[in-house]
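**Q**
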Amino acid sequence: HRAYFLFYSGLQLSERDVALYFAPESSLYRWLRGRVKKIITADLFAPAVHVRADLMRLPFKTGSVDIIIHHHVLEHVSDDAVALAEFERILKQDGRMFLSVPLNEDRGVTWDWGFPDPVKQDHYRDYGRDFPQRLSRFKHTEIDIPVTLSPEEIRHYGLERREVIYSCLKPSRKEKESLTHPVRVSP
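Going by the numbering used here, the residue at position 7 of the sequence shown is 493; the numbering climbs one at a time, nothing skipped.
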């Protein structure tokens, strides 16, 4: 969680933003709480959240949220494509989403076994290096937290492994067309 804190501490947040935080970690929630207008916590099972919500059927109005935060959540959802479509729906134009998933760097292609595997902490899938393709509905950037730090900072914060956060931006309708229908140039 130190990597997340380092990432968010360098992020420009607005006191006008409404943030939706799934499966919230208490320390990061407390830190974010004073930096946005409103932060709504949500989870399907955790009792101490503002809203009990299924990521595939979000109870929020279209275009109602500025920021969505979720870390190590999508792998627990039976259909991550539906959840990502719901995130896109509730984000305001130019809304941002920050997420991470456990990534198996040795696997080129995600393995999706279609059921929550109790051996894998009830994950439905093991994400491979192809994960960013699942974010194609957003403009997205992969941020490798340790890479952005000096070796001294990495040691100081006790970061030993790669931790990637995907920073996603909801594109305009025109931008979305270019994301989903690439422009082809004839020779």
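We treat Cβ as the ideally placed atom computed from N, Cα and C, and that holds for glycine. Predicted model, so just to flag it, every value in this text is computed and none were measured.
(1) Are the CB atoms of residue 508 and residue 539 within a distance shorter than 9 angstroms?
(2) Using three-state DSSP, classify residue 557 as helix, strand or coil.
(3) Tell me the DSSP secondary structure of residue 541 in three-state form.
(4) Report the option in 641, 621, 623 and 634 whose CA atom is closest to the CA atom of residue 493.
(5) Starting from residue 576 and walking both ways along the alpha helix (DSSP H), at which residues does that stretch end?
(6) So does the region 646-658 actually touch the region 573-593, counting three or more Cβ pairs closer than 8 angstroms?
(7) I need the DSSP call for residue 609, collapsed to helix, strand or coil.
(8) In three-state DSSP terms, what is residue 579?
(9) Could you check where the alpha helix (DSSP H) with residue 617 kicks off and where it finishes?
(10) Assuming residue 614 contacts residue 594 (C-beta within less than 8 angstroms), just tell me the rounded distance between them.
(11) If you drop the 5 nearest sequence neighbours on each side, which residues of the same chain put their C-beta closer than 8 angstroms to that of residue 574?
(12) Looking only at its chain, what residues have a beta carbon closer than 8 angstroms to the beta carbon of residue 572, apart from the 5 residues adjacent to it on each side?
(13) Which residue marks the beginning of the beta strand (DSSP E) containing residue 525, and which one marks its end?
(14) According to DSSP, is residue 634 part of a helix, a strand, or is it coil?
(15) Taking the beta carbon of residue 670 as the centre, do at least 16 other beta carbons fall within 10 Å, making it buried, or is it exposed?
(16) With distances taken from CA atoms, which of 499, 521 and 528 is nearest residue 506?
(17) To the nearest whole angstrom, what separates the beta carbons of residue 596 and residue 612, a pair I think is in contact under 8 angstroms?
(18) So, helix, strand or coil for residue 536, using DSSP?
**A** Quick look at the numbers:
(1) Taking the sequence shown and counting its residues from 1, the one referred to as residue 539 is at position 53. Taking the sequence shown and counting its residues from 1, the one referred to as residue 508 is at position 22. Contact flag set, yes.
(2) For this step, residue 557 is matched to residue 71 along the sequence shown. The three-state reading of DSSP puts residue 557 in strand, counting E and B together.
(3) Translated into the one-based positions of the sequence shown, residue 541 becomes position 55. In this structure, residue 541 counts as coil in the three-state DSSP scheme.
(4) Mapped onto the sequence shown, residue 493 falls at position 7. Of 641, 621, 623 and 634, the residue nearest in Cα terms is 634.
(5) The residue given as residue 576 occupies position 90 in the sequence shown. Unbroken alpha helix (DSSP H) run through residue 576: 566-576.
(6) Between the region 646-658 and the region 573-593 there are three or more inter-stretch CB-CB distances shorter than 8 angstroms, so the stretches are counted as touching.
(7) Reading the sequence shown from its first residue, position 123 is the one you call residue 609. Strand, per DSSP.
(8) Walking along the sequence shown from the start, residue 579 turns up at place 93. The answer is strand: DSSP assigns residue 579 an E or B state.
(9) Sequence index remark: in the sequence shown, residue 617 carries index 131 (1-based). In this chain, residue 617 is not harboured by any alpha helix (DSSP H), its DSSP state being neither H nor E.
(10) Along the sequence shown, one-based indexing puts residue 614 at 128. Along the sequence shown, one-based indexing puts residue 594 at 108. Residue 594 and residue 614 do touch by the CB rule: their CB atoms are close to 5 angstroms apart, below 8 angstroms.
(11) One-based indexing of the sequence shown puts residue 574 at position 88. Correct list, in chain order: 623, 624 and 656.
(12) For the purposes of this step, residue 572 is taken as residue 86 along the sequence shown, with counting starting at 1. Excluding positions up to five away in sequence, the list reads 541, 542, 543 and 544.
(13) Here residue 525 refers to the residue found at position 39 when the sequence shown is read from its first residue. Taken as a continuous stretch (DSSP letters only), the beta strand (DSSP E) holding residue 525 covers 524-529.
(14) Here the question's residue 634 lines up with position 148 in the sequence shown. Helix.
(15) On the sequence shown, residue 670 is found 184 positions in, with the first residue counted as 1. Confidence is the limiting factor: at residue 670 the pLDDT is only 36, short of 50, which leaves the residue's position unreliable and the question unanswerable from this model.
(16) Residue numbering aside, residue 506 sits at position 20 when the sequence shown is read from its first letter. Shortest Cα-Cα distance from residue 506 to any of 499, 521 and 528 involves 528.
(17) In the sequence shown, residue 596 corresponds to position 110, counting from 1. In the sequence shown, residue 612 corresponds to position 126, counting from 1. About 7 angstroms; that satisfies the 8 angstroms criterion.
(18) Your numbering for residue 536 matches position 50 in the sequence shown. Three-state DSSP puts residue 536 in coil, outside helix and strand.
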